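**Student:** One structure is given below, represented as structure tokens, and several questions about it will come after.
2 protein chains.
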Amino acid sequence: MSDLADDKTRKDLLNRLRRAEGQLRGIQRMIEEGQPCLDIASQMAAVRKALDSTYVRMTVCFMEQELSARLPANAAKGAALGEVLGDVQTLLGKIR
Amino acid sequence: MSDLADDKTRKDLLNRLRRAEGQLRGIQRMIEEGQPCLDIASQMAAVRKALDSTYVRMTVCFMEQELSARLPANAAKGAALGEVLGDVQTLLGKIR
Numbered sequence: 000m001s002d003l004a005d006d007k008t009r010k011d012l013l014n015r016l017r018r019a020e021g022q023l024r025g026i027q028r029m030i031e032e033g034q035p036c037l038d039i040a041s042q043m044a045a046v047r048k049a050l051d052s053t054y055v056r057m058t059v060c061f062m063e064q065e066l067s068a069r070l071p072a073n074a075a076k077g078a079a080l081g082e083v084l085g086d087v088q089t090l091l092g093k094i095r
Numbered sequence: 000m001s002d003l004a005d006d007k008t009r010k011d012l013l014n015r016l017r018r019a020e021g022q023l024r025g026i027q028r029m030i031e032e033g034q035p036c037l038d039i040a041s042q043m044a045a046v047r048k049a050l051d052s053t054y055v056r057m058t059v060c061f062m063e064q065e066l067s068a069r070l071p072a073n074a075a076k077g078a079a080l081g082e083v084l085g086d087v088q089t090l091l092g093k094i095r
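See below:
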């Protein structure tokens, strides 16, 4: 399976992961400070959600890249691929 | 909702989160190096799993702490609370 060629997407993914990393550090601080379990749980759920949407974002970008590469330019444009993939991203975001 | 009083558990949670943080940094490196999406996806799934089991661990420790505090010492011991909660942890680990 190939890598992600689009630089903008890669930057977007990196930013999301960097944010998640910061959130994880925040959770460690919360535990060290002895904050309530419920607050820690909320933050952990937030990181999980952030990772899941990063995963979906990567998958959809991969789809776009691979389909575009395989379809003739006109077909990809005519099929309004971007629109379909936007919907796919929304759908995948609901299930995970 | 109260915090986690048990120091050993807190250290365990902190270690797990620190490891997950390291995994997230590894994923960022993979993206920067242009590694295949499938490999990145596997690593992201691993972090998700690690976070989920950390969440379950925290929840079960919380249960143990709160139940022990509310039950008379004999009752908690007689009910073999630790055993039940070990099973609860296994069950929660399967569903998430």
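Taken in order, these protein sequences are the chains called A and B.
With numbering that gives the first Met the number 0 applied, the first sequence corresponds to residues 0 to 95, in that order.
With numbering that gives the first Met the number 0 applied, the second sequence corresponds to residues 0 to 95, in that order.
Even for Gly, the Cβ is constructed at its ideal location relative to N, Cα and C.
All of these numbers come straight from a predicted model, not from anything done at the bench.
Which value, in whole angstroms, describes the spacing of the CA atoms of ARG47 of chain A and MET57 of chain B?
**Tutor:** 15 Å
**Student:** With three or more beta-carbon pairs closer than 8 Å as the criterion, would you say the region 79-93 of chain A touches the region 26-33 of chain A?
**Tutor:** no
**Student:** Indicate whether PRO71 of chain B and MET0 of chain A have their beta-carbon atoms separated by less than 9 Å.
**Tutor:** Contact: no.
**Student:** So which residues of chain A does PRO35 of chain B contact, with C-beta pairs closer than 7 Å?
**Tutor:** MET0, SER1 and ASP2
**Student:** From LEU91 of chain B to ASP51 of chain B, what does the alpha carbon distance come to, in whole angstroms?
**Tutor:** 10 Å
**Student:** By a C-beta neighbour count over all protein chains shown, 10 Å radius and 16 as the cutoff for buried, is ALA74 of chain A buried or exposed?
**Tutor:** Result: exposed.
**Student:** Do LEU23 of chain B and THR53 of chain B come within 9 Å of each other at the CB atom, strictly closer than that value?
**Tutor:** no
**Student:** Buried or exposed for ILE94 of chain B, please, with buried defined as at least 16 other CB atoms from any protein chain shown within 10 angstroms of its CB.
**Tutor:** It counts as exposed.
**Student:** Can you tell me the Cα-Cα spacing of GLU31 of chain B and LEU80 of chain B, whole angstroms?
**Tutor:** 48 Å
**Student:** Is there at least one Cβ from chain B nearer than 9 Å to GLN27 of chain A's Cβ?
**Tutor:** yes
**Student:** For chain A, is any of its Cβ atoms less than 9 Å away from the one on ASP51 of chain B?
**Tutor:** yes
**Student:** How many angstroms separate the CA atom of ALA19 of chain B from the CA atom of ILE39 of chain B?
**Tutor:** 14 Å
**Student:** Could you work out which residues of chain B lie near ALA40 of chain A, taking near to mean beta carbons separated by less than 8 Å?
**Tutor:** The answer, in chain order, is TYR54, MET57 and THR58.
**Student:** Can you say whether GLU63 of chain B is buried or exposed, counting buried as having 16 or more other CB atoms within 10 angstroms of its CB?
**Tutor:** buried
**Student:** Return no unless some Cβ of chain A is closer than 9 Å to the Cβ of ALA75 of chain B.
**Tutor:** no
**Student:** Please report how far the alpha carbon of ALA4 of chain B lies from the alpha carbon of GLU65 of chain B, in whole angstroms.
**Tutor:** 10 Å
**Student:** Which bits of chain B does ILE94 of chain A rub up against, with CB to CB less than 9 Å?
**Tutor:** Within chain B, no residue comes near ILE94 of chain A; the closest Cβ sits about 14 Å away, beyond 9 Å.
**Student:** Which of the three DSSP states is assigned to ALA4 of chain A in this structure?
**Tutor:** coil
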